[in-house]
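> Questions regarding the structure given below will be posed in turn.
Numbering (the numbering used here), first residue to last: 3 to 110.
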């Protein structure tokens, strides 16, 4: 999909497609990225010793300064549970934390 300025909008799923949980979608255009949901998934029985499964953040963390905002659709763990992991990773990269947009109910 192309915007009026010719920059292509890329939709990049980091989880949540074809599975229950780990919902995270990136929308990337030019040098800007927004994330919609940052969820976790609980492990399957065949994953002994694993407590949580989070989205693979490596793509986002290659250029973390591009992340402009995080939008949370609702407060279920499969949509918000990996947010602390993302924020910690951004902080560890020395980045300012992006604003997080959500409803008051989701914010808690």
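Beta carbons are placed, not taken as given, at the ideal position from N, Cα and C, and that holds for glycine.
Note that the structure is a prediction, hence the values are computed from the model and not measured.
When you compare each of 51, 37 and 103 to residue 147 by their alpha carbons, which one comes out closest?
Only positions 3 to 110 of the chain appear in the structure, and residue 147 is not among them; the question remains open.
> Counting only the same chain and skipping the five closest in sequence on each side, list residues whose C-beta sits under 7 Å from that of residue 76.
In the chain shown, residue 76 corresponds to position 74, counting from 1. Correct list, in chain order: 108.
> At a cut of 8 Å, does the segment 91-108 reach the segment 45-57 through at least three beta carbon pairs?
At 8 Å Cβ cutoff, the stretches do not touch.
> Can you give the Cα-Cα distance for residue 101 and residue 94, rounded to whole angstroms?
In the chain shown, the residue the question calls residue 101 occupies position 99. In the chain shown, the residue the question calls residue 94 occupies position 92. Taking the straight line from one Cα to the other gives about 17 Å.
> In or out: residue 13 buried (at least 16 other Cβ within 10 Å) or exposed?
Here residue 13 is taken as the residue at index 11 of the chain shown, counted from 1. Classification for residue 13: exposed.
> Return helix, strand or coil for residue 34, following the three-state DSSP convention.
Working through the chain shown from its first residue, we reach residue 34 at position 32. Residue 34 falls in the strand class under three-state DSSP.
> Excluding five sequence neighbours on each side, which residues of the same chain lie with their C-beta closer than 7 Å to the C-beta of residue 9?
The residue given as residue 9 occupies position 7 in the chain shown. So the list reads 31 and 32, once near-sequence residues are dropped.
> From this set, 84, 69 and 110, which residue's C-alpha is nearest residue 99's C-alpha?
Locating residue 99 in the chain shown gives position 97, where the first residue counts as 1. Closest option to residue 99, Cα to Cα, is 69.
> What runs of the alpha helix (DSSP H), each 4 residues or longer, lie entirely inside the segment 46-82?
Runs of the alpha helix (DSSP H) inside the segment 46-82: 60-64 and 79-82.
> Please classify residue 11 as buried or exposed, where buried requires at least 16 other C-beta atoms within 10 Å of its C-beta.
Position 9 of the chain shown, counted from the first residue, corresponds to residue 11. The residue is exposed, with fewer than 16 neighbouring Cβ atoms inside 10 Å.
> Which term fits residue 84, buried or exposed, when burial requires 16 or more other beta carbons within 10 angstroms of its beta carbon?
On the chain shown, residue 84 is found 82 positions in, with the first residue counted as 1. Answer is buried; the Cβ neighbour count reaches 16.
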